[in-house]
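J.: Here it is: the structure, laid out below.
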């Protein structure tokens with residue numbers, strides 16, 4: 070890249086919402102910014118944001134404005150697909166108005182129609198692939214409603230592992246969130262991605278799921294996002310997702 074090509078690094082950081090140009094210049098001066106795995110301290114360095122990988126304090130930032138990173142609270146009864154040939158409601162209906170013309174969105178972590186909660190969408194195929202691949206062990210958290218009272222010791226049993234018809238599975242974490250008359254809310258965390266894994270696991274130990282909501286995928290949380298809503302991930306969330314899968 071010649072001296073007059075590309076965009077000044079401090080301008081790229083400013084446009085990405087990381088900091089003002091003045092603060093970005095200090096970040097560069099302090100050695101906090103990397104471009105393609107090299108620390109850059111020279112002011113005025115020019116980069117191509119569509120090609121270069123830029124990190125601040127070790128976390129990758131999204132500087133390519135063609136990349137899309139969305140969080141959806143998928144409602145119960147909606148399918149996770151981008152289109153449905155039977156005309157059933159699907160995630161594609163929610164995002165059509167938001168990313169018109171973008172037909173290459175990948176959904177991260179498909180949810181059953183009767184499960185609601187967090188679903189990520191991105192057109193970064195490598196990110197989507199790594200987030201879904203079990204070798205990267207990206208945790209996913211769910212809140213499940215089950216009937217009855219959960220006995221002490223169930224969490225340990227689930228963390229030790231349960232044998233299902235398609236192989237063993239063990240939870241990363243288990244906690245009782247709340248107890249209600251005749252029902253218990255439990256939070257389960259695992260990095261498995263097999264079909265209906267949470268429902269099958271809890272049914273196996275005698276607690277069929279009545280309602281299920283996914284609340285977290287790695288560093289991204291559903292928070293108070295209402296069902297059917299969609300939002301763009303912020304720079305911190307995007308950077309943490311990339312970091313979680315080594316990008």
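Residue numbers (the numbering used here): 70 to 316.
Just so it is clear, CB atoms sit at the ideal spot from N, CA and C, and this is done for glycine as well.
Here the structure is a predicted model, which is why all the values come from computation and not from measurement.
What three-state label does DSSP hand residue 218 in the structure shown?
T.: coil
J.: Leaving out the 5 sequence neighbours to the left and right, which residues in its chain are closer than 8 Å to residue 200 when beta-carbon positions are compared?
T.: 177, 178, 189, 207, 286, 287, 310, 313, 314
J.: Assess contact between the stretch 259-273 and the stretch 119-130, defined as three or more Cβ pairs (one per stretch) separated by less than 8 Å. Is contact present?
T.: no
J.: Name the DSSP bridge partner or partners of residue 107?
T.: 104
J.: List the residues that DSSP assigns as beta-bridge partners of residue 248.
T.: 253
J.: At what residue ranges does the stretch 155-236 contain a whole run of the alpha helix (DSSP H), taking only runs of 4 or more?
T.: 160-164, 194-201, 223-229
J.: Taking a contact to mean a Cβ-Cβ separation below 8 Å, would you say residue 123 touches residue 137 in this structure?
T.: no
J.: Looking only at its chain, what residues have a beta carbon closer than 8 Å to the beta carbon of residue 204, apart from the 5 residues adjacent to it on each side?
T.: none
J.: Helix, strand or coil for residue 281? Go by DSSP, reduced to three states.
T.: strand
J.: In three-state DSSP terms, what is residue 143?
T.: strand
J.: Is the stretch 99-109 touching the stretch 148-162 in the sense that three or more CB pairs, one from each, lie closer than 8 Å?
T.: no
J.: Quick check: the stretch 207-217 against the stretch 250-259, are there 3 or more CB pairs under 8 Å?
T.: yes
J.: By alpha-carbon positions, which one of 87, 75, 217, 185 ends up nearest to residue 295?
T.: 185
J.: By DSSP, does residue 125 sit in helix, in strand, or in coil?
T.: strand
J.: Quick check: the Cα distance between residue 317 and residue 174, rounded to an integer number of angstroms?
T.: Absent from the model: residue 317. The displayed extent of the chain is 70 to 316, so no value can be given.
J.: Indicate whether residue 299 and residue 163 have their beta-carbon atoms separated by less than 8 Å.
T.: yes
J.: Any idea what DSSP makes of residue 97, helix, strand or coil?
T.: Looking at residue 97 - three-state DSSP - the assignment turns out to be helix.
J.: When you compare each of 253, 284, 113 to residue 74 by their alpha carbons, which one comes out closest?
T.: 113
J.: Taking a contact to mean a Cβ-Cβ separation below 8 Å, would you say residue 215 touches residue 304 in this structure?
T.: no
J.: List the endpoints of the continuous alpha helix (DSSP H) containing residue 272.
T.: Per DSSP, residue 272 is one residue of the alpha helix (DSSP H) stretching across 266-273.
J.: Report all residues from its chain with a CB closer than 7 Å to the CB of residue 241; omit the five preceding and five following residues, and keep chain order.
T.: 208, 258, 259, 260
J.: Taking Cβ positions, are residue 291 and residue 187 nearer each other than 8 Å?
T.: yes
J.: Buried or exposed: residue 293, going by 16 or more other Cβ atoms within 10 Å of its Cβ?
T.: Exposed is the call here.
J.: Roughly how many whole angstroms lie between the Cα atoms of residue 237 and residue 161?
T.: Between residue 237 and residue 161, the C-alpha separation is close to 33 Å.
J.: Measuring only the C-alpha atoms, how far is residue 126 from residue 134?
T.: 21 Å
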